[in-house]
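Enquirer:
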């Protein structure tokens, strides 16, 4: 095997090693999230926890928004007949006995409304008198990150670095491109670009930064 082949193999192995390390980092960072999702399979969906993750009822809304989780908690009380809302958007408890003692979020909401009277969803999220409700609501936040993180950027950077440095290394050693009959090292000035294009295309295997897990 020629020295040029060894140079190419070495740099390609370095590229594979970098992506392998990136994969290990990705698996480690998302371990708790994958465990949470696996444990949730086959179980009933928690609507308040789901509200944290969905972010809103419209498409492409940002995730992990407290206001939507608070709104869902209010809607659940209203749907169960334990609360009502007037035209001004103020939520008031009915005279019925609350059935949500086992649910800490709705229990905290009922306790807050019973102690302080009616409130809007905005007041539930901002006023100090409903701090207990917000604290309990925060505890129901799903342990899922909002974005995957930057994986494609380092992967494409590594592809460029490997292809370019491979060519410089081979030309410095006066080695031709493996597989080409003409062993003029100058061919590397052209060949490194398609090599980079192939390696860079592998970044599509990584999730986009803006996507959700």
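Numbering (our numbering), first residue to last: 2 to 214.
Cβ atoms here follow ideal geometry from the backbone N, Cα and C, with glycine treated the same way.
#1: For residue 192, is the classification buried or exposed, using 16 other Cβ atoms within 10 angstroms of its Cβ as the cut-off for buried?
#2: Can you tell me the Cα-Cα spacing of residue 26 and residue 15, whole angstroms?
#3: Taking 8 Å as the limit between beta carbons, can you name the residues of its chain near residue 4, skipping five residues before and five after?
#4: Short of 8 Å in beta carbon distance, which residues of its chain neighbour residue 1, apart from the five on each side in sequence? Order them along the chain.
#5: Within 10 Å of its beta-carbon, does residue 184 have 16 or more other beta-carbons around it, so buried, or fewer, so exposed?
#6: What did DSSP end up calling residue 120 once you bin it into helix, strand or coil?
#7: Are the CB atoms of residue 73 and residue 105 within a distance shorter than 9 Å?
#8: Take residue 52 and list the residues in its own chain whose beta-carbon comes closer than 7 Å to its own, dropping the five residues that flank it on each side.
#9: Is DSSP giving residue 190 helix, strand or coil here?
#10: If you draw a straight line from the alpha carbon of residue 127 to that of residue 121, how long is it in whole angstroms?
#11: Considering just the uninterrupted stretch of the alpha helix (DSSP H) at residue 163, what are its terminal residues?
#12: Quick check: the region 200 to 213 against the region 148 to 156, are there 3 or more CB pairs under 8 Å?
#13: What's the call for residue 46, buried or exposed, on a 16-neighbour Cβ count within 10 Å?
#14: Check the DSSP bridge columns for residue 125 and list the partner residues they point to.
#15: Have a look at the DSSP bridge pairing and note the partners of residue 137.
#16: Is it true that the CB of residue 171 sits closer than 9 Å to the CB of residue 197?
#17: Identify the residues that DSSP records as bridge partners of residue 92: which are they?
#18: Throw me the rounded Cβ distance for the residue 9 and residue 179 pair, which I believe falls under 8 Å.
#19: Where residue 115 and residue 92 are concerned, what is the direct C-alpha to C-alpha distance, given to the nearest angstrom?
Expert: Well, looking at it:
#1: For the purposes of this step, residue 192 is taken as the residue at position 191 of the chain shown. With 16 or more Cβ atoms within 10 Å of its Cβ, residue 192 is classed as buried.
#2: Residue numbering aside, residue 26 sits at position 25 when the chain shown is read from its first letter. Residue numbering aside, residue 15 sits at position 14 when the chain shown is read from its first letter. A direct Cα-to-Cα measurement between residue 26 and residue 15 gives close to 16 Å.
#3: Counting from 1 along the chain shown, the entry for residue 4 is found at position 3. Within the same chain, residue 4 has close Cβ partners 174, 176.
#4: Residue 1 lies beyond the range of the chain shown here (2 to 214); nothing can be said about it.
#5: In the chain shown, residue 184 corresponds to position 183, counting from 1. That one is exposed.
#6: What you label residue 120 is simply residue 119 of the chain shown in a count that begins at 1. Looking at residue 120 - three-state DSSP - the assignment turns out to be strand.
#7: Translated into positions along the chain shown, residue 105 becomes position 104. Translated into positions along the chain shown, residue 73 becomes position 72. No, the Cβ-Cβ distance between residue 105 and residue 73 is not below 9 Å.
#8: Walking along the chain shown from the start, residue 52 turns up at place 51. Cβ within range, chain order: 69, 70, 73.
#9: Counting from one through the chain shown, the residue named residue 190 turns up at place 189. Note: residue 190 maps to helix in three-state DSSP.
#10: In the chain shown, counting from the first residue as 1, residue 127 sits at position 126. In the chain shown, counting from the first residue as 1, residue 121 sits at position 120. Cα-Cα distance, rounded: 10 Å.
#11: Mapped onto the chain shown, residue 163 falls at position 162. Looking at the DSSP string, the run of the alpha helix (DSSP H) that includes residue 163 is 153 to 173.
#12: yes
#13: Here residue 46 refers to the residue found at position 45 of the chain shown. Result: exposed.
#14: Within the chain shown, the letter at position 124 stands for residue 125. DSSP, once it has assigned bridges, lists no residue as partnering residue 125.
#15: Mapped onto the chain shown, residue 137 falls at position 136. Its beta-bridge partners do not exist; DSSP assigns none.
#16: Working through the chain shown from its first residue, we reach residue 197 at position 196. Working through the chain shown from its first residue, we reach residue 171 at position 170. Annotated as distal: residue 197 and residue 171, with beta-carbon spacing of 9 Å or more.
#17: Along the chain shown, one-based indexing puts residue 92 at 91. Partner(s): 86, 120.
#18: Translated into positions along the chain shown, residue 9 becomes position 8. Translated into positions along the chain shown, residue 179 becomes position 178. Contact flag correct, Cβ pair sits at about 6 Å.
#19: Position 114 of the chain shown, counted from the start, is the residue given in the question as residue 115. Position 91 of the chain shown, counted from the start, is the residue given in the question as residue 92. In this structure, the alpha-carbon of residue 115 lies about 11 Å from that of residue 92.
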